[in-house]
Every structure is written in C-alpha cells, then in structure tokens.
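Step one of this worksheet: look at the structure below.
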Amino acid sequence: MITIRILHESTIQTLPVADLSTINVADLKPGALVWVDMMQPTKEEEQMVLGSWFPVHELVRADIARALRANAEEQLHHPKVEDYDGYLFVIVHALRPDEDEDVQLSIIIGANVLITHHEELLHAIDDLAVACEHSTKAFRRGPDYLLHLMLDAMVERYLPHVSQIEDKLYALEESTLDNPSQQCLQEILAMKRRIQAMRRIVVYTREIVNRLARGDFDLISRDESFYYRNVYDHLIRVTDQLEATRELAMSLMEVYFSSTASKLNQVIKVLTVISTIFLPLTFISSVYGMNFEFMPELHWKYGYAMVWGVILSVAIGMGIMFRKRGWLGGR
Amino acid sequence: MITIRILHESTIQTLPVADLSTINVADLKPGALVWVDMMQPTKEEEQMVLGSWFPVHELVRADIARALRANAEEQLHHPKVEDYDGYLFVIVHALRPDEDEDVQLSIIIGANVLITHHEELLHAIDDLAVACEHSTKAFRRGPDYLLHLMLDAMVERYLPHVSQIEDKLYALEESTLDNPSQQCLQEILAMKRRIQAMRRIVVYTREIVNRLARGDFDLISRDESFYYRNVYDHLIRVTDQLEATRELAMSLMEVYFSSTASKLNQVIKVLTVISTIFLPLTFISSVYGMNFEFMPELHWKYGYAMVWGVILSVAIGMGIMFRKRGWLGGR
Amino acid sequence: MITIRILHESTIQTLPVADLSTINVADLKPGALVWVDMMQPTKEEEQMVLGSWFPVHELVRADIARALRANAEEQLHHPKVEDYDGYLFVIVHALRPDEDEDVQLSIIIGANVLITHHEELLHAIDDLAVACEHSTKAFRRGPDYLLHLMLDAMVERYLPHVSQIEDKLYALEESTLDNPSQQCLQEILAMKRRIQAMRRIVVYTREIVNRLARGDFDLISRDESFYYRNVYDHLIRVTDQLEATRELAMSLMEVYFSSTASKLNQVIKVLTVISTIFLPLTFISSVYGMNFEFMPELHWKYGYAMVWGVILSVAIGMGIMFRKRGWLGGR
Amino acid sequence: MITIRILHESTIQTLPVADLSTINVADLKPGALVWVDMMQPTKEEEQMVLGSWFPVHELVRADIARALRANAEEQLHHPKVEDYDGYLFVIVHALRPDEDEDVQLSIIIGANVLITHHEELLHAIDDLAVACEHSTKAFRRGPDYLLHLMLDAMVERYLPHVSQIEDKLYALEESTLDNPSQQCLQEILAMKRRIQAMRRIVVYTREIVNRLARGDFDLISRDESFYYRNVYDHLIRVTDQLEATRELAMSLMEVYFSSTASKLNQVIKVLTVISTIFLPLTFISSVYGMNFEFMPELHWKYGYAMVWGVILSVAIGMGIMFRKRGWLGGR
Amino acid sequence: MITIRILHESTIQTLPVADLSTINVADLKPGALVWVDMMQPTKEEEQMVLGSWFPVHELVRADIARALRANAEEQLHHPKVEDYDGYLFVIVHALRPDEDEDVQLSIIIGANVLITHHEELLHAIDDLAVACEHSTKAFRRGPDYLLHLMLDAMVERYLPHVSQIEDKLYALEESTLDNPSQQCLQEILAMKRRIQAMRRIVVYTREIVNRLARGDFDLISRDESFYYRNVYDHLIRVTDQLEATRELAMSLMEVYFSSTASKLNQVIKVLTVISTIFLPLTFISSVYGMNFEFMPELHWKYGYAMVWGVILSVAIGMGIMFRKRGWLGGR
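So the sequences go chain by chain: A, B, C, D and E.
With the first sequence counted from 1, adding 230 to any position gets you the working numbering.
With the second sequence counted from 1, adding 230 to any position gets you the working numbering.
With the third sequence counted from 1, adding 230 to any position gets you the working numbering.
With the fourth sequence counted from 1, adding 230 to any position gets you the working numbering.
With the fifth sequence counted from 1, adding 230 to any position gets you the working numbering.
This is the structure in structure tokens:
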C-alpha cells in the first residue's frame with residue numbers, strides 16, 4: 231500500500247498513487263515536500279517509486295528488500311545510515327511491543343522527498359501521519375525534521391516498553407521465589423534475551439542518531455542537529471533504564487538458583503531428620519539382638535514390651551524436639 | 231475545595247470562590263498572576279474553573295479526572311507535559327511518604343494563570359502557599375517560576391524519603407540475619423517494589439523537567455531554564471541515591487538466602503552429628519549379634535556389661551570430641 | 231567558650247568576650263570582619279551573641295540549640311543552608327574520626343560577620359584559626375571565603391577517613407576468612423552502617439555546597455563560586471571512594487557467608503566420612519547375624535577372628551584411602 | 231607485496247614498485263600524497279621503502295620487524311604513537327575477527343607520505359583502498375585524514391565483534407544451564423580472556439586516539455582533531471558494550487557454578503531418599519532380630535510373612551509419598 | 231648521591247657537587263634552571279642543599295626525612311602538595327613495579343630551581359634525565375613543565391602495571407578453578423591489597439594533579455595547566471582500569487569459594503554413594519537375622535548362598551546404575 235502526501239500551498243494533500251508520476255522531483259520548489267509511505271508494497275509499486283520516480287542505488291533496494299526476507303528468517307539488518315549522492319538512506323528498528331519483536335523501517339530522505347518503507351503498521355509512521363493531519367508546521371521544516379520526528383516517536387515508545395519488561399521481571403521474581411520451576415528459568419532466559427536485543431538496537435540507534443546529530447550529512451541542516459541531540463539524550467536515558475533492567479534480570483537468575491537450592495535443602499533436611507530418628511531406634515533393637523549368655527533383660531517377662539516402650543519414647547521424644555525446633559518441614 | 235490567590239499591587243490576596251468569575255483572564259495585565267488551587271473539587275467547581283473560567287481541552291479534563299479514578303484503581307497516569315494552545319499541561323507524581331504512595335498532581339500554566347489540581351494535601355502545594363504568604367517575590371516572577379518552585383519542593387522531599395527507605399533496609403538486614411523468616415522476604419520484596427516505583431517516577435519526572443529545561447515551550451521563559459536545570463541536577467542526585475538503595479535491596483535478597491542456607495546447614499550439621507554417633511554404636515552391638523560358635527566374649531559373665539561400657543565410652547567420647555570442636559550447635 | 235577575632239588594620243586581634251558589645255555590626259566598614267567562635271557556650275553567652283549582638287531568627291537559635299540535644303539523643307539535624315534577611319545560616323556535619331561520629335557545626339555568615347557554633351573541638355575550626363594566625367589573606371577575602379575554607383578543611387578529612395575504613399575492612403576480611411565468627415558479622419554490619427552514615431553526610435553536604443556554588447545567595451560572591459565548585463568536586467571524589475568502600479563491605483558479607491558455609495561443609499564432610507566407614511562394617515557383622523542353618527563360616531574355629539580381620543582391614547583400608555585423597559580433615 | 235598509490239592531478243594512480251625511486255619525497259608539492267602499503271614485504275622491499283626512499287629511525291624499523299616475530303611468539307607490541315623528526319609512527323592492533331586474533335598495523339605518516347605495514351589482509355586497509363578508488367576526496371585531505379579513516383574503519387568493526395561475543399555468551403549460558411560440563415567452563419574462560427584482550431586493545435587505542443585528538447602532534451592538523459574525537463567517542467561506546475559483555479561473562483561463571491551445584495544436589499537428594507527408605511526397614515527387621523524370650527510375634531505362624539508385609543507397605547508408602555512430593559528425581 | 235644539571239646558554243651541563251655553592255639562586259636569570267637530584271643523600275648533602283643553598287621550611291625537611299624512615303616502617307606519607315613562600319613542595323608515590331611497592335618522591339620547585347629527593351632509582355627521574363640529554367626543549371619551559379613531565383612519566387607506568395596485575399589475576403583464576411588451595415586464597419588477598427594500594431595512590435595523586443591543574447599555585451603557569459589536565463585524564467583512565475581489575479579480584483574470591491564448595495560436594499557425593507549402596511545390603515542381612523520360628527529360607531540348603539547372591543546382585547546393580555549416571559566420581 232502506498233500513501234502519498236504532498237505539501238501544497240500550506241495544506242497537505244493525500245494523492246492517489248497514480249498521480250505520483252505527475253510529480254517531478256527535480257521541479258519541486260524549495261519548501262515543497264513529498265512523503266511517500268510504502269507499507270508492504272508490491273514489486274511493481276516498489277519499482278515505480280524507487281526505480282522510476284526516485285531512482286536509488288541497487289544496494290539500497292537490496293537492503294530494503296532484505297527487510298522482507300529478514301522478517302521470515304529472523305535476521306534484521308543492523309541499523310545504519312548511508313550517504314548517497316543526493317539522498318540519505320537510513321535503516322532503523324522500530325518496536326512492535328505487542329509481539330516483543332522489532333521490525334525494519336527503511337527511510338530515504340532527499341532534499342524535498344521523504345520515502346519510508348516498512349512491512350507492518352508502525353507507531354512511528356502513524357504518529358507522523360497524525361501530526362501531519364493536525365498541522366503543516368512539521369512538514370514545512372523539511373524532511374530532516376520529519377526524520378527526527380519519526381525517530382523521536384520511535385524512541386518515545388522505548389521507555390514504557392522497558393518499564394513493562396521491568397514489571398514482568400518483578401512478577402517473575404515473585405513466582406520464582408514461590409516455585410522455582412524450569413519454566414521460570416526459561417522465562418528468565420527469554421527476558422534476558424529480550425533485554426539484550428533491546429540494548430543492541432538502542433546502541434546501534436545511538437550510533438546513527440549520533441552521526442545525524444554531529445553534522446556529518448549535508449541533508450541534515452545544522453539547525454536540526456539540536457533535535458537529534460535531544461533524541462540522543464533520550465536514548466541515553468533509555469540505556470540507563472535498560473542497564474538497571476539487565477541487572478535485575480541477572481539477579482533474578484541468582485534468585486532462581488538460590489530458591490532452587492533452598493527448596494532442595496528443605497527436602498534434604500526432612501530426609502535427614504527421618505534418618506536421624508531411625509538410627510537410634512535401630513541401635514536399641516540391635517543391642518537386644520546380641521547373643522550374650524548373660525543378658526538379664528532378655529529373660530524378663532515384659533522385656534520386649536519395655537524395649538518397644540523405650541523405642542517409642544525415643545522416637546516420639548525426638549519427633550517432638552525436632553518439631554519444636556521447627557526442623558520438620560515448612561520453612 | 232478551591233483556593234484563589236491573586237497578585238494585586240504587590241500584595242497577594244486570597245479571593246472567595248464566588249469572585250473567580252469577576253476575573254477576566256484575557257484582561258490580566260502582564261505581571262499579574264492568578265493561582266487557582268483545586269483540592270478534591272466537586273464536579274461543579276471543576277466545571278466552573280476548567281469549563282467556563284479557563285476553558286481547557288477535553289483531553290486535559292479527562293486526564294485530570296483520571297487522577298481520581300487512578301487513586302482507586304491504583305494506576306496513575308505517567309508523568310507528562312503537553313503543549314496546548316495558550317497553556318501547558320503537566321502531570322507529576324508527588325510523594326505521600328507517610329503512606330508510601332504517590333498521588334497525581336495536575337498543573338496548568340497559562341501566561342498569567344496557574345491552576346493546580348490534586349486529591350490530597352500535598353507538601354509541594356503547602357510549601358508554595360507558605361512562600362506566597364511570606365513574600366510576593368516568587369509570584370512576581372510568573373507562573374513558570376511557580377511551577378519550578380513546586381517541582382523543587384516535590385523533589386526536595388525525595389532525598390529524605392530515599393534515606394528513610396535505606397534506613398528500613400538496614401534494619402531489615404539485621405532482622406534477616408537474626409531470623410530469616412518468610413516475612414522478611416515479603417518485606418524485602420515490598421521494599422524492592424517501592425524502590426522500583428520511586429525510580430520510575432524519578433525517571434519520568436526527569437524527562438519532564440528536562441523538556442521544561444531545554445526551552446521547548448514558549449510559556450517557560452529562557453531565564454527560568456536555569457532553575458529547571460537545577461531541579462534536573464537534583465533529580466540526578468536522587469537517582470544516584472536510589473541506585474545505591476536498589477543495590478542494597480538486591481544484596482539483601484542474597485543476605486536472606488545466605489542466612490536461610492546457613493540456618494539450614496546448622497540443622498543438618500546437628501542431625502549429621504547424631505547419625506555419626508549412633509552408627510559406630512550400632513556396629514558394636516551388631517558385632518555381638520553374630521552367630522559364630524566360637525565367640526568367647528559371649529560367654530563371659532560381664533560381657534554384656536562390658537559391651538555397654540564400650541558403647542557408652544564411644545558415645546561419650548565422640549560427644550566430647552564434637553563439643554570441643556564446636557560441632558554440636560550454636561554457630 | 232567564646233573566641234572573638236577581629237581584622238584590624240591588617241592584623242587579626244583576639245578580643246576578650248567583654249569587648250564584644252563595643253563592636254557595632256552596623257558600623258563595620260567594608261573589608262572589616264569579625265569572627266565569633268562559640269564552643270559549648272553557656273545560655274548567657276549564646277544570648278549575648280545571637281540575642282543582642284547579632285540578633286538572628288528564633289528558628290535559627292532553635293536549630294543551633296538542637297545540636298546539643300542531638301548529641302545526647304543521637305539524631306543530628308540534616309545539613310542545610312537557609313537564606314535569612316542579612317545573613318546565611320548553614321548546618322554541616324563535621325567528622326570526629328577518633329570516635330566514628332559526626333557533630334553538628336552551625337555557621338552564620340553576614341556581610342562582615344562569621345559566627346560558628348559547635349559543641350566540641352573541631353579540626354575545621356582549628357585549621358581556620360591556625361590559618362588566621364599565619365596570615366590575614368584569608369580574612370581579608372570576607373566571610374564567604376572563610377566559610378569555604380572551613381568546608382574545605384572538613385572535606386579534606388573525609389578521604390583519609392574513608393581510607394581508614396577501607397583498611398579496617400581489609401583487616402576484617404582476613405579475620406573473617408580465618409574464623410567467620412558472629413563477632414565478625416557484627417563488625418561488618420557496624421562498618422556498613424558507618425559507611426552509610428558517611429555517604430549520607432556527603433550527599434547532603436554536596437547538596438549544600440552545590441547550592442552555595444551555583445550563586446543562589448547574595449552573600450556568597452560570584453568570585454568565591456569557583457572555590458565552592460572545587461569543594462564540590464572534592465566531595466564527588468569522596469563519593470567515588472565511598473562507593474568502592476561500600477561495595478567492599480557488601481562483598482565482605484558474601485565472604486562471611488561463604489566462609490561460614492565452607493567451614494560448615496568441612497565438618498559435614500568429616501562426619502560423612504565417619505558414617506561411610508561404619509556402614510560397611512555394620513553390614514559385615516550383620517551378615518554373620520543371620521540365622522541360616524547352613525552357614526559354614528559360623529562353625530569354623532577362627533571364623534570370629536577372621537571376621538574381625540575383615541572388619542579391621544576394611545576400616546583401615548578406607549581410612550587410608552580417604553586420608554590419601556585428603557578427605558579426612560584440614561582443607 | 232607493495233602497493234603504491236599517488237595522487238596525480240586529481241586522479242589516484244597505482245604505480246609499479248619499480249617507479250618508487252622516481253618519486254622524490256622532498257620534491258612533493260603541498261597537496262600531493264603518496265601512500266605506500268607494504269603487506270608481508272620481503273627484506274629487500276622493506277629496505278627499499280624505509281631504508282632508502284623514506285629513511286626512518288632504526289627503532290621504528292625494529293618495532294615494525296617485531297610485528298612479524300610477534301605473530302609467531304604471540305606477543306604484540308602495545309599500541310603506541312611516537313613523534314619523530316618529520317614523521318609520526320603509530321602502532322595499532324586490528325581485529326582479525328574470523329580467527330579471534332589481533333594483528334599489528336604499523337603506520338608512518340609524513341607531510342605528504344603515508345606508509346602502512348602489515349602481515350595480513352586487513353579490513354582497515356581494504357576499506358581505505360576502496361574509498362580511494364571511488365573518490366579522491368579523502369586523498370586530498372592529507373595523510374592525517376587517511377590515518378583517521380583507517381582508525382575509523384578499524385573501530386567500526388569492534389562493535390559488531392563485541393555483539394558477536396555477546397551472542398556466543400548467551401548461547402553458552404543456555405548450554406551451561408543444560409549441562410554444566412568442564413568444556414563449558416573452558417569456553418567461558420576462553421571468552422573472558424578474549425574480552426579482556428579486546429578491552430586492553432580498546433584502552434590502549436583510546437590513549438593513542440586521545441593523543442592524536444588533543445593536538446599534541448604538528449602533523450595532525452587541528453581541523454582533523456574533531457574527527458579523531460569522533461573515533462574516541464566511538465571507542466568509548468565500544469568500551470561500554472565491552473563492560474556489559476564482561477559482566478555477562480562474569481555472571482556466566484556464577485551460572486556455571488550454580489548449575490553444577492544444582493545438578494550435584496539433585497544427585498545427593500536422590501541418594502538421601504534411598505537411604506531414608508532403607509533405614510526404617512532395617513529398623514523393623516532388627517526388631518525381630520532381638521533375642522527376648524517373650525516375643526509373641528516370633529512364634530506366630532504368619533509372623534514372618536506379616537513382617538514382610540509391613541516392610542513392603544512402609545517401603546511402598548514412603549516411595550509413593552516421596553514421588554508425590556516430587557523428591558524422587560527430575561527437577 | 232647528588233646530581234646537578236644546569237641550563238647554560240642552551241646546553242645542559244652536569245656540575246660537580248662542589249660547584250653547587252657557586253650558584254646563587256637569587257642571581258639566576260629568568261629562563262635559567264637548576265635541577266638538583268638527591269638520591270639517598272647523606273645528612274651533610276641534604277643540609278648543604280636544603281639547609282644552605284635553597285633553605286626550606288623545617289616541616290618540609292621533616293617530611294622528606296620521613297621518606298627514609300617510612301621505607302623501614304612501611305608507612306609512606308600521603309601524597310600532597312603544599313604552597314610555601316617562593317616554592318612548592320610536592321610528595322608523590324612512584325611505582326617500583328618489580329617489587330610491587332611504592333616509594334616516596336619529594337619534589338621542590340622554585341622559580342628557577344627543581345629539587346628532587348628519593349631513596350631509590352626511579353623511572354620518572356631517569357626518563358627526565360634522558361629527556362634532558364636529548365634536548366633542552368623541556369628545560370627551557372621551566373620547572374613547572376619538568377614537574378609535569380615527571381608526573382606524566384610516573385603515570386604512564388601505571389596502565390601497564392595494572393594490565394600486569396590483570397594478567398596475574400586471570401592466571402590465578404585458572405589455577406583456582408583447577409585446585410582451590412589455601413595458597414590461592416592468600417594470593418588473591420595479596421592481589422586485592424595490591425590493587426587497593428594502587429587505587430589509593432591514584433586517588434591521592436589525582437587530588438594533587440587536580441590542584442596543580444586548576445591554577446591554585448602561582449609557580450605553575452596557566453599555560454602548563456593544560457598539561458596537568460592531560461595527566462589528570464590519564465589518571466582517570468587508570469582509575470577505570472583499576473576498577474575493572476578490582477571487580478575481577480572480587481569475583482575471583484567468589485570463584486575460589488565456589489570452586490572449594492564444588493570440590494567438597496564432589497567428595498560428599500561419593501561418600502553418599504557408598505552409604506547408599508551399603509544400606510540396602512545391611513537391610514537384607516538383617517532380615518535373615520530375625521528370629522521367627524517359621525522362616526522357610528533359613529532352612530533351605532542354599533539359603534545362605536542365595537542371600538549372598540542377592541546381596542552381590544544388588545551391590546553390583548547399584549554400582550552399575552550409579553556409574554552409568556556418572557555419580558561415582560570425576561565431575
């Protein structure tokens with residue numbers, strides 16, 4: 231699906247796809263801006279936009295195409311920014327929090343053109359579209375400002391997402407303390423991997439935003455540099471939160487092992503208590519299994535009953551003592 | 231309850247609610263300032279202030295209303311700052327340390343107007359009210375300065391609160407070392423959750439204060455920017471303290487597990503000592519349970535007594551040895 | 231005891247207490263400076279200085295008076311700085327390292343006046359007094375510079391004190407590894423609490439110094455701001471050291487538990503070795519306690535001796551094997 | 231192999247080695263630039279370039295020669311930068327990620343000359359060569375800019391390499407949790423050593439880049455300083471990632487030990503369960519091994535069968551109970 | 231031994247000690263410079279230099295003299311810098327890496343004079359001497375620049391020394407994992423103490439270099455300030471490395487305890503296996519020790535042999551099962 235928005239005399243119009251060919255990029259006046267958003271485009275649509283209307287380098291198209299295959303084979307391209315003749319090519323990863331996954335968002339910005347390509351509905355794109363409906367302010371500041379808005383919208387979602395991960399970890403901690411099952415361990419590992427993935431995206435995005443902020447590219451005006459710095463600072467705060475969350479996940483691992491060990495030791499304690507009760511009893515009975523000629527007790531009438539009495543008293547005595555000291559079970 | 235304060239020729243007057251309608255916001259001269267504080271306002275009061283006197287966007291009123299429900303359902307709105315036409319809408323969380331909870335404070339600042347809304351008595355509001363009674367200095371610097379004062383007063387309470395949490399953790403550590411009960415664990419978890427909540431509020435508040443400080447909003451004059459930076463720095467120091475406290479809470483978890491394990495191992499040691507004493511005794515008696523034809527001891531007159539003697543000596547000997555080595559109990 | 235120093239035509243004179251009333255604060259020329267140091271003043275002396283000579287607010291006197299009670303009830307006032315009309319009131323905590331405690335130092339600075347109040351001999355005061363004897367340089371730069379000197383002298387003692395705590399922790403580590411007694415644990419906890427107290431003082435002092443440095447107060451000239459920043463930087467370095475020390479103390483806790491567990495496991499190992507030796511022996515003897523009709527060994531002449539032989543060989547053989555493997559004791 | 235590239239009237243020519251002697255370094259005009267890349271040069275080639283064409287200090291040649299031996303004896307020279315008369319000598323370590331090793335890259339830069347020496351194909355050199363084929367822009371900015379490009383290309387590869395190490399660690403964590411074998415431990419240790427090596431290279435490279443950035447050397451123009459600062463910032467981000475990875479490796483060690491202990495305790499639990507079942511049984515049978523005269527059970531016809539019944543019921547009962555509580559195996 | 235170097239018309243001459251008295255400090259022209267290096271001076275030499283030629287304060291001489299005693303009693307003076315009339319007195323600690331110890335280096339710098347005092351050969355002094363032989367550049371920049379060179383040379387040795395400590399720790403880790411002996415623990419503790427000592431020196435040196443860098447002293451020209459800042463930055467990087475190394479040493483402690491516990495648990499497992507094999511055997515034999523009248527097996531001809539058969543099958547069966555599960559030994 232292709233959506234075309236064009237700034238026309240201080241209003242933003244949405245054009246039908248067919249009209250794209252009527253716009254000549256070279257003829258666009260300074261201040262004009264065309265945004266072409268491709269969501270799951272067909273091969274023909276892609277060829278039309280990136281082949282004929284705004285022809286880009288073969289490598290750029292290959293990288294964009296990869297987004298599709300990547301989703302299937304689960305190997306996204308690293309976020310990057312590349313400076314081509316007359317346009318800038320940016321790959322970033324946007325969050326799809328509901329599914330705990332990231333999707334590729336490819337962006338091309340030219341002097342008066344913004345082209346976005348993605349395989350799924352993205353908040354960053356939606357937010358930008360909504361902003362455009364409300365006001366032409368953003369549009370009038372050029373594609374570099376729109377790029378910043380998209381990045382900002384993307385980064386804005388990171389912090390709540392990290393908070394969400396944190397909440398899950400705290401819930402996981404409680405269930406781990408309660409019953410440290412294998413499933414808990416699997417979930418902890420899954421969370422750790424999720425955090426690692428997040429951290430990597432943030433690190434690479436920081437690299438990109440840093441490059442955009444430091445004025446390496448002619449297409450990013452120096453005035454916007456300040457906005458990219460804000461995004462960068464935001465990313466640093468996200469990193470801080472992620473670090474804390476990572477530590478939490480790491481400590482959760484220890485909680486799991488400690489909890490497992492604790493449960494196990496409880497079991498061993500109970501077993502040891504049982505052994506400890508029966509050993510003296512066996513000793514007593516083995517005493518009267520001795521074959522000495524002169525063992526007066528053996529000939530008493532109530533000797534046997536007496537021994538049972540002793541055995542039971544010892545058993546009950548130890549049982550009471552252990553219970554009193556809380557050695558018999560529970561915690 | 232609604233409290234209205236107005237700066238009038240270098241004095242601050244408190245007006246009756248009824249007089250609010252006599253003030254026309256549009257007619258206020260530069261330098262004039264009206265502060266309307268709503269604490270648990272009725273629906274009518276709210277309508278009067280935010281509906282007719284200073285009409286705000288529907289969404290703002292919805293967010294403010296949510297504070298009420300939030301308190302009930304325990305889900306506060308994330309702190310945020312939003313730029314509307316002619317006014318700024320800020321939601322922050324203030325501490326209610328005595329109850330270990332946070333409450334929502336909604337603030338609207340216009341060119342000459344400050345409106346605050348909260349469901350409970352708040353220190354930040356009290357402090358501002360007191361400051362206004364003493365001097366008109368703060369009032370004369372405009373609503374953006376008053377906002378900064380409120381935030382400062384709020385943040386000022388964070389550090390002592392963190393210190394308090396720290397004190398509790400140290401007390402908890404001692405009781406955990408003494409007797410690592412389930413209740414200790416529950417309290418540790420509660421403290422961890424409290425720290426996490428605090429950290430999240432601080433992080434979100436930092437985001438807001440950062441945005442206020444960096445001059446994104448026209449209603450915050452550049453001169454006040456410096457003051458917001460101070461608040462921001464203060465928040466960073468609070469974050470540092472919270473980090474230390476969080477680490478403390480995490481280490482407390484380890485103390486709990488170590489302490490539990492230590493207690494348990496003591497028990498197992500004592501049980502093992504008992505087993506170790508009875509095994510040799512059982513061996514001795516089982517020796518004389520053997521049925522060999524030629525076992526001279528069995529026919530001795532005092533064989534049986536002798537065996538008891540040996541058994542008792544071994545038992546007592548081991549008991550003494552274990553006691554001497556401190557293996558029998560205590561620590 | 232009250233000590234009065236006055237800068238008089240480029241010399242510093244120490245006046246008798248009685249002469250205080252001859253000095254009129256309002257008449258002091260710019261560049262003049264009077265330093266009144268009160269150590270454990272009587273109620274009359276205090277009244278004379280803070281009541282008639284340099285009258286201060288009731289609250290200030292209450293806070294100063296609290297220092298006395300605080301020492302008794304062990305609850306010091308938080309360090310703070312307050313701006314009054316015509317003077318600045320500062321409360322800081324000075325170290326009394328020999329006793330591992332902190333005492334309150336109250337400071338009032340006016341345009342030409344410095345008043346200090348403390349209940350004990352303090353290095354910070356001594357250092358300033360010594361500096362004044364040597365040169366009038368410091369005095370001539372005004373009370374704000376003297377305040378900075380006092381804070382600097384105070385902070386200067388923090389780093390060696392932290393180093394001292396660190397040394398004690400390392401000594402404690404060694405004794406803990408050697409013999410992890412309850413007393414070690416108590417000392418570790420005491421050290422942790424000491425570090426926490428230090429950290430809190432440093433954090434609050436940082437807040438104060440930060441406020442003094444950032445030019446919030448008219449009585450602190452902007453030129454001195456730079457010096458306060460130095461003190462602040464120094465405090466940050468102290469914080470870093472404290473963090474490292476805190477981590478050390480935390481790890482010491484783990485060392486204690488690991489060491490305890492290690493000792494305990496050694497005991498359990500030895501006990502288990504004993505059990506393991508006696509179980510096979512008991513098995514052997516129980517074999518010959520069986521009542522089969524056809525057990526040839528029972529009727530052999532040397533059957534009994536032979537069994538003893540087997541028992542002893544097994545016992546000695548296992549003993550040798552365990553000793554060889556180092557399972558019998560030591561480490 | 232020697233490759234010679236020369237900037238000639240805005241084109242870059244690759245000269246045959248024989249022509250090197252035709253270029254007189256002293257005659258090179260400002261703006262001209264010769265890059266001589268030596269890969270595994272013969273002794274004669276080295277003598278030709280560094281002996282006659284661009285004569286360098288004996289020590290420089292010794293350090294370069296050491297790269298060869300170093301590869302054999304596995305002891306690379308520390309990265310360093312040295313200022314000689316008329317040229318700068320830099321040693322850095324480049325990654326050879328496929329083999330998890332680092333190789334020495336020696337660089338000499340003069341006013342119009344860049345000489346590189348390495349024993350293997352390096353990405354940093356390739357990238358520079360490719361860049362030169364595409365455009366003369368880089369060449370025209372002089373050897374100091376080329377040096378920066380090489381360092382940048384080198385550092386660019388660090389981050390993905392660290393990510394790769396991280397991935398391996400996560401895979402290792404899973405296999406360690408599954409089966410904590412000795413081989414896992416060996417791999418963890420190998421990863422730790424790899425990370426340590428990386429960290430050291432990064433630290434030393436930071437020192438070099440810092441010196442290049444701060445304008446210590448006349449041959450690095452102040453304008454390029456900014457680019458070196460970027461490389462430095464990049465290195466700091468790499469350091470951050472390495473720190474996180476190092477912590478991960480450290481925690482993996484704990485996972486290994488916890489996992490080992492957990493497996494072992496499972497075994498001990500099962501063994502203890504077996505003991506605990508047999509002890510009561512032995513007690514029962516030993517009771518009927520007693521020699522009392524009056525033990526009615528002994529004379530019952532089905533006494534023996536009954537005892538077997540009791541023994542089996544106890545054994546089965548305990549087995550069922552233990553299984554129900556999950557004490558018998560698995561996790 | 232005293233070495234005197236004097237800058238004389240753009241050459242540096244080494245004077246005989248006797249000629250020292252011919253130089254009049256007061257007569258030295260601006261730009262002239264005398265460096266007096268005292269290594270293990272006799273009392274007379276010291277008196278000659280610091281008593282008559284360049285008279286310094288009594289306290290300075292006492293502090294210098296303390297270096298000697300300190301080496302004996304192992305208590306070095308804290309690094310410090312003091313401003314005297316006409317000269318600056320600096321105490322720093324230099325590394326003697328070969329012996330893992332630090333020695334005091336006392337430095338006095340005047341307007342045209344540099345006096346150094348040390349008890350042993352020091353790299354920092356050697357490096358400076360070598361630098362002076364090669365060029366007069368450094369000498370011509372005055373004593374403050376020479377001081378910076380010495381500090382730089384000193385600090386330059388810190389990083390490789392830390393790397394060395396790190397290498398030792400990694401080697402120690404491997405040997406600890408292999409065989410966690412008491413000696414390993416001793417070495418770990420020694421390393422920790424070494425790191426702590428290093429850290430303390432670095433912290434104190436940072437304080438000094440910071441004071442020198444911030445322009446507190448008139449004898450340090452503002453132009454040199456920049457160089458001291460470089461030394462300071464270098465020290466911060468050393469601190470970072472030390473922190474990582476410290477963490478490594480701390481984690482090593484845990485490795486030691488985990489490794490000890492692991493070894494011990496292996497032993498306990500093997501012992502438990504032995505017990506677990508013998509308990510069922512003892513049960514079987516005790517069954518046939520019962521005295522029931524009607525136990526058919528007792529009267530069978532091959533009953534006894536049969537029991538032995540059962541016992542051996544059970545023992546061998548369990549042995550095989552345990553071996554198969556890998557419970558019998560090794561890891």
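Glycine included, each C-beta is placed from N, C-alpha and C at the ideal position.
For residue i, which residues of its own chain have a beta-carbon under 8 Å away from its beta-carbon, when the five flanking residues on both sides are left out?
| i | result |
| --- | --- |
| Ile514/B | Val537, Val540, Ile541 and Val544 |
| Phe447/D | Val311, Asp313, Leu318 and Arg441 |
| Lys398/A | Met421 |
| Pro510/D | Val544 and Met548 |
| Ala401/D | none |
| Leu518/B | In the sequence as displayed, the identity of residue 518/B is Tyr instead of Leu. Excluding positions up to five away in sequence, the list reads Met525, Glu527, Leu528, Gly533 and Val537. |
Check this for me: beta carbons of residue i and residue j, under 9 Å apart or not?
| i | j | result |
| --- | --- | --- |
| Glu477/C | Met483/E | no |
| Ala366/B | Ile242/B | Correcting the residue type first, residue 366/B is Thr in the shown sequence and not Ala. Yes, the Cβ-Cβ distance between Thr366/B and Ile242/B is below 9 Å. |
| Phe522/E | Gly533/D | yes |
May I ask you to report which of helix, strand or coil DSSP gives residue i?
| i | result |
| --- | --- |
| Tyr317/E | strand |
| His529/A | helix |
| Glu349/B | coil |
| Thr469/D | helix |
| Glu303/A | Confidence at Glu303/A is low in this model, with a pLDDT of 48, below 50, so its placement is unreliable and the value that follows should be read with caution. Of the three classes helix, strand and coil, the one that applies to Glu303/A here is helix, per DSSP. |
| Trp265/A | strand |
| Arg387/C | coil |
| Val343/B | strand |
From the DSSP output, which residues share a beta bridge with residue i?
| i | result |
| --- | --- |
| Leu335/C | Val322/C and His348/C |
| Lys310/B | Ile321/B |
| Gln277/B | None; Gln277/B has no bridge partner. |
Looking only at its chain, what residues have a beta carbon closer than 7 Å to the beta carbon of residue i, apart from the 5 residues adjacent to it on each side?
| i | result |
| --- | --- |
| Ala368/D | Ala361, Cys362, Tyr375, Leu376 and Leu379 |
| Ser405/A | Cys414 |
| Gly316/C | Gly340 |
Three-pair Cβ contact test at 8 Å for the region 289–296 of chain C versus the region 363–381 of chain C: no
Counting pairs of beta carbons, one from the region 400–412 of chain A and one from the region 488–499 of chain A, are three or more of them closer than 8 Å? yes
Touch check for the region 461–475 of chain B and the region 391–405 of chain B: three-plus C-beta pairs under 8 Å? yes
So does the region 239–255 of chain B actually touch the region 352–369 of chain B, counting three or more Cβ pairs closer than 8 Å? yes
Check whether the region 335–346 of chain A and the region 255–272 of chain A touch, using three or more Cβ-Cβ pairs below 8 Å as the test. yes
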